[in-house]
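Scroll down for the structure; my scribbles are underneath it.
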Amino acid sequence: MGKNGIGKSRLLSSIAQIGIVSEDYSKVIAVSTSPFDKFPNPRNRSSNTAKANYRYVGMRSEGIYQSSNSVSLISSAAKGLLEKLSVENGAHNLTAVFDALNFRPVADFILKPGYLKGSRNAYDTSRVEGTSLAIELRRLEREHSIEVDERYFELLENLHYGRLLEVLEAMVTVNKILTTRKAIELSADFSRSTLTIGEYQAGRSIILAVLILLEVGLMRLMDITLEKVGFGPLSLKKASSGEQCLLVLILGIAGHINDNSLVLIDEPEISLHPRWQEEFMELLISSFASYQDCQFIIATHSPQIIARLRGRGCYIASLSRGELYDAEEFHDKSADFQLAELFDAPGIMNEYISRLAFNLLAKVKHSKEVTVSSQTDLSRLLQFKDQLEESDPVKELIASVAMLCEHYASN
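Numbering follows this note's numbering, in which position 295 of the sequence shown is assigned residue number 417; successive positions increment by one, without gaps.
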């Protein structure tokens with residue numbers, strides 16, 4: 123934690139970059155619900171493929187069309203959930219995550235291929251004539267009646283040939299399950315590790331095809347519908363910004379995490395109500411308690427999040443002070459305590475500082491002397507005094523306590 127501009131987000135980005143190139147972690151997972159995060163690009167620009175051990179959950183969209191921030195955020199989480207289902211042994215702990223969130227372990231994914239040609243104009247591949255892409259596009263049209271929107275030709279041209287063949291094969295696989303609305307509706311049951319389309323079970327090849335098209339930006343996620351216990355179906359797209367951010371953040375991590383993962387979370391408090399900020403750490407810990415040897419590094423401004431951090435191996439690093447603290451020192455302490463003792467931003471009429479001042483006032487008046495302990499308390503109050511606004515009554519209170527201490531110290 124630290125003040126704005128001190129470099130929290132840049133530090134997380136640097137840690138991510140080091141983790142990506144090292145072999146210390148099975149996964150490096152970067153998570154942000156801010157459109158201004160500084161995490162590395164999740165794709166290798168030269169090959170248009172994802173970096174092997176790096177996963178990004180956030181608002182940056184892929185493809186030639188910019189999605190809304192909320193859709194991009196939901197889409198990045200969806201990839202991880204589908205990726206879990208694509209693992210052949212079905213080994214994942216998503217049920218525990220859904221239980222922690224108070225949702226049933228099911229989800230409906232609505233996806234739409236963005237690459238299909240929509241107009242009635244004649245199909246024209248002349249712009250890429252003489253290339254291997256033109257040959258493959260004509261084969262796709264001739265053998266499978268798939269016409270690719272010309273606006274995606276450049277994206278396809280930038281793929282290396284092996285990746286291009288994977289993408290075209292994925293188009294063929296997806297084409298077999300498209301509805302008349304040119305959309306795909308997938309129903310996932312994470313307790314059974316199954317994915318269905320209507321009444322039919324979707325094989326691993328379909329999941330992989332969808333993931334390939336999502337990864338290169340040729341398919342768009344339209345929505346995810348979850349089932350909240352005691353409430354019923356909930357569209358993530360229509361959820362409040364706070365609920366959306368909390369669900370996507372937790373589910374996004376859940377979709378990618380393995381044992382020995384490094385998870386980097388940038389300012390999770392964005393859009394979260396203070397009550398949800400208080401519950402965030404407990405939710406995070408309970409959701410991923412079954413994983414081994416994972417490290418979580420969180421950049422935050424939230425006293426509520428810090429107050430709920432506890433346990434062996436939990437620490438708070440203040441970039442402003444260059445200090446490392448045991449989280450137990452701040453566990454269950456008030457927001458005013460956190461703001462004064464950790465954030466160096468006590469605000470107006472800070473109750474924690476007021477209580478310190480009144481306690482010292484009462485102690486000195488009762489003993490009629492200034493002990494070493496009292497002098498230490500006064501020094502701390504005077505440090506706080508410099509951080510208070512001139513109009514703050516607490517500043518005047520501290521001045522009165524200082525005068526009283528000076529009076530008894532001189533007698």
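All residues carry an ideal CB built from backbone N, CA and C; glycine is no exception. Remember, predicted model here, so these are calculated numbers, not experimental data.
- Inter-residue distance for glutamate 291 and tyrosine 245 is about 20 Å (C-alpha atoms, whole angstroms).
- Listed in chain order, the alpha helix (DSSP H) runs fully inside the segment 267 to 335 are 275 to 279 and 283 to 297, counting runs of at least 4 residues.
- Counting the other Cβ atoms within 10 Å of the Cβ of histidine 488 gives fewer than 16, which makes it exposed.
- DSSP lists Leu308 and Ile346 as the beta-bridge partner residues of phenylalanine 231.
- Between the beta-carbon of isoleucine 420 and that of proline 390 there is about 6 Å, and that keeps the pair under the 8 Å contact cut.
- Around the beta-carbon of asparagine 175, 16 or more other beta-carbon atoms lie within 10 Å, marking it buried.
- The straight-line gap separating the alpha-carbon atoms of lysine 350 and phenylalanine 410 is approximately 20 Å.
- Per DSSP, aspartate 159 lies in no alpha helix (DSSP H) and is assigned neither H nor E.
- In the DSSP assignment, no residue is bridged to glutamine 139.
- Using a Cβ distance threshold of 7 Å, glutamate 400 and glutamine 417 do not count as a contacting pair.
- For the pair leucine 348 and serine 208, the CB atoms are not nearer than the 7 Å cut-off.
- With respect to the 7 Å criterion, serine 154 and aspartate 388 are classified as neighbours on the basis of their beta carbons.
- Burial of lysine 206 is indicated by the presence of at least 16 other C-beta atoms within 10 angstroms of its C-beta.
- Residue Glu288 holds the alpha-carbon nearest to the alpha-carbon of glutamate 337 among Glu288, Val143, Ser456 and Lys130.
- Under the DSSP assignment, isoleucine 420 falls in the beta strand (DSSP E) whose first and last residues are 417 to 421.
- Rounded to whole angstroms, the separation of the alpha carbons of isoleucine 328 and aspartate 345 is 18 Å.
- Judged by DSSP secondary structure, valine 153 falls within the beta strand (DSSP E) whose first and last residues are 149 to 154.
- Looking at the DSSP output, aspartate 388 sits in a beta bridge with Ser154 and Ala421.
- Distance from the Cα of arginine 132 is smallest, within the candidate group Leu386, Ser476 and Leu503, for Leu386.
- Beta-bridge partners assigned by DSSP to phenylalanine 225: Lys350.
- Unbroken beta strand (DSSP E) runs of no fewer than 3 residues, entirely contained in the segment 415 to 495, are found at 417 to 421, 437 to 440 and 445 to 448, following chain order.
- Ranked by how close their Cα comes to the Cα of serine 383, the residues Ala484, Ser136 and Ile151 have Ile151 in first place.
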